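Colleague: Just so we're aligned: the sequence shown equals residues 54 to 127 in the working numbering.
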Amino acid sequence: MDKAELCAHMVRHFAGSDLGLRRADAREFLDEMQRLCQRQLLEVGQFAVPGVAKLVVQERRLRKGRSRSPGNPS
54 MDKAELCAHM
64 VRHFAGSDLG
74 LRRADAREFL
84 DEMQRLCQRQ
94 LLEVGQFAVP
104 GVAKLVVQER
114 RLRKGRSRSP
124 GNPS
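(1) By how many angstroms is the C-alpha of H66 removed from the C-alpha of L108?
(2) So, is A79 buried or exposed, given that buried needs 16 or more other C-beta atoms within 10 angstroms?
(3) With DSSP as the reference, identify every bridge partner of A101, one or two as the case may be.
(4) So which of M54, R75, A101 has the shortest CA-CA distance to V64?
(5) Could you give the DSSP three-state label for K117: helix, strand or coil?
(6) In the DSSP assignment, the alpha helix (DSSP H) including A77 goes from what residue to what residue?
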């Protein structure tokens with residue numbers, strides 16, 4: 054599901070409620086959620102959406118490079 058489909062789903066879901074969510078509001082919400090996620094991952098190293106997902110930054114050691122020419126070690 055891409056961003057446009059997610060926005061359309063949110064608009065349909067909240068259409069009958071008192072919120073009356075517009076597509077622009079749904080898009081703005083998702084944009085702010087993305088900015089918040091990026092900021093938290095940079096500052097804290099993790100970001101959680103309770104009941105949905107938890108993203109954690111992991112430091113990994115560098116991969117050893119390899120030579121593209123056959124027969125030569127890196």
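Cβ coordinates follow ideal geometry from the N, Cα and C atoms, glycine included. For clarity, every value in this text was computed on a predicted model and none was experimentally measured.
Modeller: Walking through what the data contain:
(1) One C-alpha to the other measures close to 26 Å.
(2) Buried.
(3) Among the bridge pairs identified by DSSP, A101 is matched with K107.
(4) Among M54, R75, A101, the Cα nearest to that of V64 belongs to R75.
(5) Looking at K117 - three-state DSSP - the assignment turns out to be coil, as it is neither helix nor strand.
(6) 76 to 96 is the extent of the alpha helix (DSSP H) around A77.
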